[in-house]
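Student: My questions all concern the structure below.
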Amino acid sequence: MDKILQKLYKTVADLDGIPQEGAYNLRADGVSIARNSTKNITITSKTEVSGIDIHIKDGTRGEKLHIPVALKAAISERVFNDFHIGENCEVTIVAGCGIHSDCADVSQHDGVHAFYVGKNSTVRYIEKHYGTGAGTGARILNPETVIEVGEGSVFETETVQIEGVDSASRITRATLGAKAKLVVREKLMTHGAQKAVTKFSVELNGAESGADVVSRSVAKNNSQQEFIARVAGNNACIGRVECDAIIMDNARVSATPEIFAHHVDAQLVHEAAIGKIAGEQIIKLTTLGLTEKQAEQEIINGFLK
Amino acid sequence: MLELKNISFAVPEKEIVRSVSFKAEKGKLLVITGPNGGGKSTLAKIIMGIEKPQTGKILLDGCDITPLSVTERARAGVGFAFQSPVRFKGLRVQDLLRLAAGKPLAAEEACVYLSEVGLCANSYIGREVNASLSGGELKRIEIAMLLARGTKLSIFDEPEAGIDLWSFGHLIACFKKIRARRDGTVIIISHQERILEIADKIVVIADGKLTDEGTKNEIMPKLLHGCMETCELLKGN
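Line by line, the protein sequences are chains A and B. Take the position in the first sequence, starting the count at 1, then add 134; the result is the number in the numbering used here. Take the position in the second sequence, starting the count at 1, then add 11; the result is the number in the numbering used here.
Below, the structure is given as structure tokens:
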């Protein structure tokens with residue numbers, strides 16, 4: 135594995151090379167370069183389309199699965215990964231995509247992930263996006279995630295895109311069964327002329343289901359962000375959508391939280407706030423000895439932590 | 012030691028501070044008091060560099076800090092606890108204390124500063140400095156930040172505002188402790204008698220002017236007399 139791949143895998147999946155244990159599938163430039171299944175987690179290639187099927191056995195607990203993607207070549211790919219997670223599992227899945235481009239051609243990865251989570255399981259899903267390299271070719275990432283959360287299960291997803299991705303369109307659709315929970319935490323920073331679109335759609339179908347969708351973003355320079363989160367309460371449920379954005383320079387941000395109650399016991403709330411860094415915040419931190427630039431950075435780092 | 016020489020500050024159509032001069036000695040606690048809207052907080056902001064005076068000089072240990080920015084003054088040892096503390100979404104109490112200390116701060120160290128201002132440290136250290144904290148809690152965190160900073164000159168702008176009676180006792184104890192250290196100059200802007208009582212020196216600012224200064228024994232009787240006169244006037248009306 136060369137240094138560029140090492141850096142990409144480290145950044146998006148916190149991996150120092152090929153893992154020594156656990157289940158993993160490392161994909162680079164359109165092919166799998168390393169794979170390992172375990173007793174409880176089986177990874178197999180799809181035959182009709184590009185991608186993998188992952189089966190996690192009932193009762194699998196404390197295991198971690200890494201499936202990062204790296205692109206160094208200017209290719210465009212669409213990959214389909216399906217996750218079948220059994221009952222009573224407790225697993226962490228680390229995905230993510232890093233693109234290194236030193237040329238003028240487009241590099242694009244569209245990852246379509248489908249999660250089918252059985253009863254009473256807890257899944258933590260981490261997905262980081264990162265772009266680097268001196269090339270002028272656009273680095274494009276379009277993740278599409280479908281999540282079916284079974285009765286009594288919890289699905290926590292953390293998505294992070296901080297640097298180097300020119301265009302991203304993230305679409306997430308989730309349906310929840312009885313007593314199922316979905317927690318979404320999105321952190322996003324765009325700069326230059328980057329564009330990022332995020333669309334969440336959550337159907338709270340089961341009684342006592344709940345969703346907590348929170349997006350925090352920073353838009354700098356001439357970048358553009360669009361956030362649309364739709365939560366529908368179709369049963370006795372609790373749902374919350376929060377979108378907070380810091381806008382800087384000439385950036386543009388739009389946030390549209392939508393809540394739909396289709397049941398008298400659905401309790402739904404949304405909040406959206408967009409604004410620049412408050413002058414008094416900068417002044418406060420300068421009274422602690424920070425320069426204005428350092429103060430701004432600390433505020434952004436804290437906001438996206 | 013801090014010395015103000017003929018400090019004046021005006022906004023269009025209003026003089027806020029009018030040729031104010033006084034000294035705050037090293038190791039002493041000076042309280043600035045006076046009616047609301049008299050220019051006390053503006054004076055504090057001028058010392059910190061948040062507002063720039065039109066005339067006058069500010070000397071810290073003999074050095075002219077008037078041209079220095081807020082950052083430069085902070086680095087020179089000036090600290091300022093805001094009257095209305097600022098909220099930060101995402102930054103935790105421990106983050107602010109670390110920034111105040113200017114170095115990595117272990118949780119135990121951060122807890123010491125929070126305990127000094129009467130906060131049960133463990134339950135606060137990881138909390139975001141956002142709307143979930145009350146005004147009184149934020150005030151105490153603001154003061155803890157100055158303790159963590161260890162400044163040459165510490166300015167507290169109405170530290171008692173928004174603090175409940177029980178915590179106020181803690182606050183007085185905290186200022187007494189700071190005063191007992193005698194290792195820096197402390198300026199507190201306050202109307203509170205209990206804070207005036209711990210002052211080494213009191214400066215009275217009214218209508219932008221320094222109207223009186225002296226020890227608490229000299230100033231307190233005049234302030235109380237003034238209050239009584241006001242009360243009589245109000246009764247007469």
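The C-beta atom is built at its ideal place from N, Cα and C for all residues, glycine as well.
Name, please, each residue of chain A whose Cβ falls closer than 7 angstroms to the Cβ of B:Leu110.
Tutor: Here residue 110 of chain B refers to the residue found at position 99 of the second sequence. Residues of chain A passing the Cβ test: Leu419, Leu422, Leu424 and Glu432.
Student: Output, in sequence order along the chain, the residues in the region 58-78 of chain B whose CB is closer than 7 angstroms to any CB in chain A.
Tutor: If the cut-off is 7 angstroms between Cβ atoms, the region 58-78 of chain B has Met59 and Ile61 near chain A.
Student: Could you tell me which residues DSSP puts in a beta bridge with A:Asn170?
Tutor: In the first sequence, residue 170 of chain A corresponds to position 36, counting from 1. DSSP, once it has assigned bridges, lists A:Tyr158 as partnering A:Asn170.
Student: Helix, strand or coil: which one does DSSP assign to B:Asp168?
Tutor: Residue 168 of chain B sits at position 157 when you count from the first residue of the second sequence. Strand.
Student: From what residue to what residue does the beta strand (DSSP E) around B:Lys100 run?
Tutor: Along the second sequence, one-based indexing puts residue 100 of chain B at 89. That run of the beta strand (DSSP E) goes Phe99 to Arg103.
Student: Taking only beta-carbon positions, decide if A:Leu322 is within less than 8 angstroms of chain B.
Tutor: As a working note, residue 322 of chain A is residue 188 in the first sequence. Not one chain B Cβ lies under 8 angstroms of A:Leu322.
Student: Grab me the residues of B:Glu62's own chain with a C-beta within less than 8 angstroms of its C-beta, minus the 5 sequence neighbours each way, in chain order.
Tutor: On the second sequence, residue 62 of chain B is found 51 positions in, with the first residue counted as 1. Closer than 8 angstroms at Cβ, skipping near neighbours: Phe20, Thr53 and Lys56.
Student: Quick one: is B:Glu24 buried, meaning 16 or more other Cβ sit within 10 Å of its Cβ, or exposed?
Tutor: Here residue 24 of chain B refers to the residue found at position 13 of the second sequence. It counts as exposed.
Student: From the DSSP secondary-structure annotation, give me the bridge partner or partners of B:Leu70.
Tutor: Start at 1 with the first residue of the second sequence, and residue 70 of chain B comes out as number 59. Paired residue(s): B:Glu14 and B:Asp75.
Student: Which residue comes first and which comes last in the alpha helix (DSSP H) that contains A:Ile436?
Tutor: Locating residue 436 of chain A in the first sequence gives position 302, counting from the first residue. Reading the sequence as shown, one finds Gly at residue 436 of chain A and not Ile. Residues Glu426 to Phe437.
Student: Is B:Cys122 helix, strand or coil by DSSP?
Tutor: As a position in the second sequence, residue 122 of chain B is number 111, starting the count at 1. Note: B:Cys122 maps to helix in three-state DSSP.
Student: Could you give the C-beta distance for B:Ala155 and B:Leu108, rounded to a whole number, given that I count them as a contact under 8 angstroms?
Tutor: Residue mapping note: residue 155 of chain B aligns to position 144 of the second sequence, counting from 1. Residue mapping note: residue 108 of chain B aligns to position 97 of the second sequence, counting from 1. B:Ala155 to B:Leu108, Cβ: 6 angstroms. Contact.
Student: From A:Phe249 to A:His189, what distance separates their C-alpha atoms?
Tutor: Here residue 249 of chain A is taken as the residue at index 115 of the first sequence, counted from 1. Here residue 189 of chain A is taken as the residue at index 55 of the first sequence, counted from 1. If I take the Cα positions, the gap works out to 10 angstroms.
Student: Measure how close the beta-carbons of A:Met135 and A:Gly156 come, nearest whole angstrom, since I'm counting them as under 8 angstroms.
Tutor: As a first step, residue 135 of chain A is located in the first sequence; it is residue number 1 there, counting from the start. As a first step, residue 156 of chain A is located in the first sequence; it is residue number 22 there, counting from the start. That belief does not hold up - the Cβ atoms of A:Met135 and A:Gly156 are roughly 17 angstroms apart, past 8 angstroms.
Student: In chain order, what residues of the same chain lie with their CB nearer than 6 angstroms to the CB of A:Gly286, ignoring the 5 residues before and after it?
Tutor: Sequence index remark: in the first sequence, residue 286 of chain A carries index 152 (1-based). Excluding positions up to five away in sequence, the list reads Lys253, Asn254 and Lys313.
Student: Which parts of the region 155-223 of chain B are runs of the alpha helix (DSSP H), unbroken and 4 residues or longer, counting only runs that do not cross its ends?
Tutor: Complete alpha helix (DSSP H) runs here, min 4: 176-192 and 204-207.
Student: Out of A:Thr145, A:Asn170, A:Ala353 and A:Val317, which has the shortest C-alpha to C-alpha gap to A:Thr266?
Tutor: Counting from one through the first sequence, the residue named residue 266 of chain A turns up at place 132. It is A:Thr145 whose Cα lies nearest to the Cα of A:Thr266.
Student: How big is the Cα-Cα spacing for A:Glu414 and B:Glu148?
Tutor: As a first step, residue 414 of chain A must be located in the first sequence, where it is residue number 280. As a first step, residue 148 of chain B must be located in the second sequence, where it is residue number 137. Rounded to the nearest angstrom, the two C-alpha atoms are 18 angstroms apart.
Student: Is the separation between the beta-carbon of A:Tyr264 and that of A:Glu211 shorter than 8 angstroms?
Tutor: Residue numbering aside, residue 264 of chain A sits at position 130 when the first sequence is read from its first letter. Residue numbering aside, residue 211 of chain A sits at position 77 when the first sequence is read from its first letter. Cβ atoms of A:Tyr264 and A:Glu211: not closer than 8 angstroms.
Student: Pick out whichever of B:Val28, B:Arg160 and B:Gly48 has its Cα sitting closest to the Cα of B:Ile58.
Tutor: By 1-based counting over the second sequence, the position of residue 58 of chain B is 47. Comparing Cα positions, the closest option is B:Val28.
Student: Run down chain A in chain order and give the residues with a C-beta less than 7 angstroms from the C-beta of B:Phe93.
Tutor: Walking along the second sequence from the start, residue 93 of chain B turns up at place 82. Simply Lys418.
Student: Distance check for A:Asp239 and A:Ile138, CA to CA, integer angstroms please.
Tutor: Counted from its first residue, the first sequence places residue 138 of chain A at position 4. Counted from its first residue, the first sequence places residue 239 of chain A at position 105. C-alpha separation (whole angstroms): 18 angstroms.
Student: For the alpha helix (DSSP H) containing B:Arg86, name the first residue and the last one.
Tutor: Translated into positions along the second sequence, residue 86 of chain B becomes position 75. Counting along the chain, the alpha helix (DSSP H) containing B:Arg86 begins and ends at Val81 to Ala87.
Student: Cutting at 6 angstroms between CB atoms, please list the residues of its own chain near B:Lys163, excluding the five before and the five after it.
Tutor: In the second sequence, residue 163 of chain B corresponds to position 152, counting from 1. Result list for B:Lys163: Gly88 and Gly195, in chain order.
Student: Taking a contact to mean a Cβ-Cβ separation below 8 angstroms, would you say A:Val365 touches A:Val375 in this structure?
Tutor: For the purposes of this step, residue 365 of chain A is taken as residue 231 along the first sequence, with counting starting at 1. For the purposes of this step, residue 375 of chain A is taken as residue 241 along the first sequence, with counting starting at 1. In this structure, A:Val375 lies closer than 8 angstroms to A:Val365 by Cβ.
Student: Taking only beta-carbon positions, decide if A:Asp378 is within less than 8 angstroms of chain B.
Tutor: Reading the first sequence from its first residue, position 244 is the one you call residue 378 of chain A. It does; some Cβ of chain B falls within 8 angstroms.
Student: Would the region 163-179 of chain B and the region 422-431 of chain A be scored as touching if the rule is three or more Cβ pairs under 8 angstroms?
Tutor: Verdict: no, contact absent.
Student: Using the beta-carbon of each residue, which ones in chain B are nearer than 8 angstroms to A:Gly436?
Tutor: By 1-based counting over the first sequence, the position of residue 436 of chain A is 302. Here the neighbours are Phe99, Lys100, Gly101, Leu102, Arg103 and Asp106.
Student: Is the CB of B:Val81 under 8 angstroms away from at least one CB in chain A?
Tutor: By 1-based counting over the second sequence, the position of residue 81 of chain B is 70. Yes - at least one Cβ of chain A is within 8 angstroms of the one on B:Val81.
Student: State yes or no: is the beta carbon of A:Gln415 nearer than 8 angstroms to at least one beta carbon in chain B?
Tutor: Against the first sequence, residue 415 of chain A aligns to sequence position 281. Chain B, which has a Cβ nearer than 8 angstroms to the Cβ of A:Gln415, makes this yes.
Student: Just checking my contact of A:Leu419 with A:Gly373 at CB under 8 angstroms: how many whole Å lie between their CB atoms?
Tutor: Numbered from 1 along the first sequence, position 285 holds the residue referred to as residue 419 of chain A. Numbered from 1 along the first sequence, position 239 holds the residue referred to as residue 373 of chain A. Going by Cβ atoms, the distance from A:Leu419 to A:Gly373 rounds to 35 angstroms, so no, they are not a contact pair.
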